[in-house]
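Using full-length UniProt numbering, the letters of the sequence shown correspond one by one to residues 1 to 377.
For each residue, glycine too, the CB sits at the ideal point set by N, CA and C.
The structure appears below as structure tokens.
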Amino acid sequence: MPPKKQDNKPKKVAEDKTFGLKNKNKSSKVQKQVQIINQQEAQKGRNKEVKEKEKEKERLAERKRAEQAKKELEASLYSGPEIVQPKVPFGVDPKTVLCAFFKAGRCQKGAKCKFSHNLDADRKTQKASLYADQRDEAKEATKKDEDMSTWTEEQLRDAVSKKGNLKATTDIICKFFLDAVESQKECPNGPTCMYRHALPPGFVLKSQKKKNEDAAKANEISLEEFLEVERHKLDQTKLTPITKETFAEWKKTRVSKKEAEAQAISSAKSATAQAGKLSGLSGRDLFTFNPELLLGDEDEDEDGGDDDWDYAGLRNRTEAERQAKETERLVSPVLTILNDDSLRALDASYGKLDINDSSAVPPPAEEEAQSEEAKEA
Numbered sequence: 001m002p003p004k005k006q007d008n009k010p011k012k013v014a015e016d017k018t019f020g021l022k023n024k025n026k027s028s029k030v031q032k033q034v035q036i037i038n039q040q041e042a043q044k045g046r047n048k049e050v051k052e053k054e055k056e057k058e059r060l061a062e063r064k065r066a067e068q069a070k071k072e073l074e075a076s077l078y079s080g081p082e083i084v085q086p087k088v089p090f091g092v093d094p095k096t097v098l099c100a101f102f103k104a105g106r107c108q109k110g111a112k113c114k115f116s117h118n119l120d121a122d123r124k125t126q127k128a129s130l131y132a133d134q135r136d137e138a139k140e141a142t143k144k145d146e147d148m149s150t151w152t153e154e155q156l157r158d159a160v161s162k163k164g165n166l167k168a169t170t171d172i173i174c175k176f177f178l179d180a181v182e183s184q185k186e187c188p189n190g191p192t193c194m195y196r197h198a199l200p201p202g203f204v205l206k207s208q209k210k211k212n213e214d215a216a217k218a219n220e221i222s223l224e225e226f227l228e229v230e231r232h233k234l235d236q237t238k239l240t241p242i243t244k245e246t247f248a249e250w251k252k253t254r255v256s257k258k259e260a261e262a263q264a265i266s267s268a269k270s271a272t273a274q275a276g277k278l279s280g281l282s283g284r285d286l287f288t289f290n291p292e293l294l295l296g297d298e299d300e301d302e303d304g305g306d307d308d309w310d311y312a313g314l315r316n317r318t319e320a321e322r323q324a325k326e327t328e329r330l331v332s333p334v335l336t337i338l339n340d341d342s343l344r345a346l347d348a349s350y351g352k353l354d355i356n357d358s359s360a361v362p363p364p365a366e367e368e369a370q371s372e373e374a375k376e377a
């Protein structure tokens with residue numbers, strides 16, 4: 001095989017573009033210029049496609065670096081506790097509720113977020129403290145925002161003459177405010193009320209006190225539950241189970257113990273009575289240990305004591321007095337109505353009839369009829 005033809009053309013020697021530059025190794029400016037020239041010479045022989053590929057690689061590398069930075073940022077943001085958006089009640093605008101992610105500085109939705117990105121929205125929804133007057137806080141806020149340079153002439157005049165607050169305030173708690181808080185209403189005097197609209201420190205409302213008592217009662221356990229818990233705490237190995245035999249034995253021991261105690265107390269009282277010491281003895285004990293006390297009253301009755309009560313005679317006398325009063329009550333109205341002539345006519349016709357005499361008999365009806373006929377004739 002014949003040898004390949006060799007190119008006998010002389011190779012071009014790379015021309016040194018930096019030849020002739022002075023101070024190449026001393027001046028920094030000249031060195032930068034040399035570096036630029038060398039880069040331009042290196043790019044001369046390259047194709048456009050190669051250049052495009054290199055640019056594409058650089059763009060991909062830049063994109064990867066951006067994605068990696070984004071992942072690291074998200075990992076650092078969400079490495080803390082989980083954030084949950086607040087539940088919005090029915091009929092409430094979500095824009096009035098502060099975004100939890102925005103509050104933590106992690107919301108990436110921006111204007112598209114349905115929740116509010118205004119920190120004042122959270123302050124508006126916070127529950128007002130009953131132990132601080134909201135009017136004082138509003139005044140302090142306005143004082144901070146106010147600037148004397150923006151005051152009008154009238155405001156300056158009022159501040160100088162101290163006539164801006166014509167109505168003096170006091171530290172006394174408004175009585176209407178207490179009632180309004182209990183009934184969940186407002187003070188009828190409104191924001192111009194001179195009394196304080198704040199509860200004193202440590203004051204507890206009646207409704208809150210009742211809630212606390214109910215909660216405390218709910219946490220309490222009954223006596224049965226307490227005994228059951230304490231029973232389970234006892235050592236079961238050292239206890240005797242209750243059966244019919246053990247209960248009968250315990251009852252017998254208990255009865256004998258009570259009898260022994262009663263006998264000991266009785267003997268002690270007897271010894272006290274025999275010694276003449278009556279302190280600590282009841283009336284029953286006195287008559288039990290000294291029966292002679294009862295005999296003294298019997299001797300007095302035998303010697304001529306008070307006579308026994310005659311209950312039968314007393315009952316008869318009481319009944320007679322009651323009948324006399326009843327008769328007088330029935331007759332007295334009749335006597336007041338009748339005049340003297342009527343009494344005489346009745347006396348003549350009835351033969352001087354005595355009202356109290358039940359044996360008197362009125363005249364017969366025939367005689368009355370004859371007397372009437374004689375009068376008519």
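Which residues bound the alpha helix (DSSP H) around residue i?
i    : result
V181 : 175–183
D214 : 206–219
L227 : 223–233
Mind reading off the beta-carbon distance from residue i to residue j? Whole number of angstroms is fine, and I expect it under 8 Å.
i    : j    : result
E182 : S222 : Incorrect: roughly 32 Å between the Cβ atoms, too far for contact.
S116 : K95  : 5 Å
P200 : I172 : About 10 Å; that fails the 8 Å criterion.
V88  : V97  : 6 Å
L281 : A268 : With 8 Å as the limit, L281 and A268 do not qualify as a contact, their Cβ atoms being about 10 Å apart.
Can you list, in chain order, the residues of its chain with a C-beta nearer than 7 Å to that of residue i? Leave out the 5 residues immediately preceding and following it.
i    : result
F176 : C187, P188, N189
L166 : Note that L166 scores a pLDDT of 49, beneath 50, so its modelled location is shaky and nothing firm can be said.
K238 : none
C193 : C174, C187
E49  : none
K220 : Rather than Lys, the amino acid found at residue 220 in this sequence is Glu. Once the five neighbours on either side are set aside, E220 has no close Cβ partner at all.
A271 : none
Would the beta-carbon of residue i fall within 8 Å of that of residue j?
i           : j    : result
T246        : T253 : no
residue 421 : P86  : For residue 421 there is no data in the structure shown, the boundaries of the chain being 1 and 377.
Tell me which residues share the same chain as residue i and place their Cβ nearer than 8 Å to its Cβ, disregarding the 5 neighbours each side in the sequence.
i           : result
K114        : P94, K95
V204        : N212
residue 443 : There is no way to answer for residue 443, as the model of the chain reaches only from 1 to 377.
E58         : none
E224        : none
When you measure from the CB of residue i to every non-hydrogen atom of the ligand MN, does any distance come out below 7 Å?
i    : result
A215 : Inclusion of the ligand MN in the displayed structure is not the case, the ligand content being empty and no account of it being possible.
Below 6 Å CB to CB, which residues in the same chain sit around residue i once its five sequence neighbours on both sides are set aside?
i    : result
D310 : none
S358 : Legend: pLDDT at S358 = 48, less than 50; position of this residue unreliable, no value from coordinates given.
Does residue i have its Cβ less than 8 Å from a Cβ in chain D?
i   : result
E74 : The structure shown contains no chain D, having only a single protein chain.
Handout entry: Those runs of the beta strand (DSSP E) which lie wholly inside the UniProt zinc finger region "C3H1-type" (93–120) and span at least 3 residues
Key = none
Exercise for the section: Report the residue ranges of all beta strand (DSSP E) runs contained in full by the segment 232–278; include only those spanning at least 3 residues, in chain order. Expected result: Taken in chain order, no unbroken stretch of beta strand (DSSP E) lies wholly in the segment 232–278 with a span of 3 residues or more.
Exercise for the section: Scan the segment 47–89 and note each continuous alpha helix (DSSP H) run of 4 residues or more that stays entirely inside, going in chain order. Expected result: 48–77
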